[in-house]
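The sequence shown begins at 9 in this note's numbering and counts up one residue at a time. Note that beta-carbon positions come from the ideal geometry of N, C-alpha and C, so glycine has one too.
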Amino acid sequence: MRNFDGRIAVVTGAAKGQGRSHALALAQRGADLVLVDIAEQIPCASRMGTPEELEETARLVEALGASCLTVKADTRDPQQMRDVAAAAVERFGRIDVLLANAGIAAYGPVREMADDVWRDVVDVNLGGVAATIRAVAPVMAKQRSGRIIATASSVGREGGPNNANYAASKWGVIGLVKSVAIEMAPYGVTVNAFSPMSVSTDMCHNDLTYRLFRPDLAEPTADDVRDTFATLNPMAVPWIEVSDATAAVLFLASDDARYITGVALDVAGGWNAFHCA
Numbered sequence: 009m010r011n012f013d014g015r016i017a018v019v020t021g022a023a024k025g026q027g028r029s030h031a032l033a034l035a036q037r038g039a040d041l042v043l044v045d046i047a048e049q050i051p052c053a054s055r056m057g058t059p060e061e062l063e064e065t066a067r068l069v070e071a072l073g074a075s076c077l078t079v080k081a082d083t084r085d086p087q088q089m090r091d092v093a094a095a096a097v098e099r100f101g102r103i104d105v106l107l108a109n110a111g112i113a114a115y116g117p118v119r120e121m122a123d124d125v126w127r128d129v130v131d132v133n134l135g136g137v138a139a140t141i142r143a144v145a146p147v148m149a150k151q152r153s154g155r156i157i158a159t160a161s162s163v164g165r166e167g168g169p170n171n172a173n174y175a176a177s178k179w180g181v182i183g184l185v186k187s188v189a190i191e192m193a194p195y196g197v198t199v200n201a202f203s204p205m206s207v208s209t210d211m212c213h214n215d216l217t218y219r220l221f222r223p224d225l226a227e228p229t230a231d232d233v234r235d236t237f238a239t240l241n242p243m244a245v246p247w248i249e250v251s252d253a254t255a256a257v258l259f260l261a262s263d264d265a266r267y268i269t270g271v272a273l274d275v276a277g278g279w280n281a282f283h284c285a
């Protein structure tokens, strides 16, 4: 079903993973895309997208018949994100959907965590989402329409050892979304968070994450951590697939969700049932 015909969507973190999946699904449903990615490595993070992967996302989007604007930009920089919004409007005339998806993870005890590890995770996951929303919100307010979806996390509503920077950043995203939802409601713009459990991407499947879950092993593999991941939620699912994440995001971006705003939509195998808020 092509339920995004004629709409313009901006996707950050579009080079690979969830961002690429979301972009392709929107293109399949008739949207034109603005693909944004820093396309370089932040030292503390798991493997990030490359310029070549960003171009491959663009090629795949265009192969589906969608028009596409590709921008290499750092979401942490408010001016770069304002430039992205301006370029989108110049090319397409409007912005209908924003998926503020770019994010990173890096772990360690808060008492020992290096300053740059704390700063980079919070700056990307919260500061970058805020800069992206602040750049696009004036466009949508002027249009008096739009959908904003920011990627949060199940970890954003509970604590976790060795995870304070990530949990703080994602909890911040939920507070940001709720606040902006109130501000943007008079303009017909919905603002929501998508809060998944672990998603089967490079952020989940890497040596640092595996060792966090199985510190008893020198070189744990996906098979070694699967059962430990599964203990986090009542459905005993170790991680969701990228397609599960995309389905939830598309719902929030669709007309079916036109009266849903200020929520954090959990796709977490029931992990969210343990949350007190």
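Sequence-distant Cβ neighbours of Asn241 in its own chain, meaning closer than 7 Å and more than five residues away, are Met205, Ala276, Gly277, Gly278, Trp279.
Taking a 10 Å sphere around the C-beta of Gln26, we find 16 or more other C-beta atoms and assign the residue as buried. In terms of Cα proximity to Glu60, the closest of Arg155, Leu68, Ser54 is Leu68. In this chain, the beta strand (DSSP E) harbouring Gly154 covers 154–159.
Looking at Val130, Asp85, Phe221, Thr209, the one whose alpha-carbon comes closest to that of Arg234 is Phe221. Listed as beta-bridge partners of Pro204 by DSSP are Val275. With a 10 Å radius around the Cβ and a threshold of 16 neighbouring Cβ atoms, Ala138 comes out buried. In this structure, the beta-carbon distance from Ala22 to Thr65 falls below 8 Å. Secondary structure of Ala17 (DSSP, three-state): strand. With distances taken between CA atoms, Glu63 lies nearest to Leu77 out of Ala261, Ala201, Pro51, Leu77. Where Ala149 is concerned, the enclosing alpha helix (DSSP H) starts and stops at 137–151. Comparing alpha carbon positions, the residue from Asp224, Leu225, Val44, Ala93 closest to Pro146 is Ala93.
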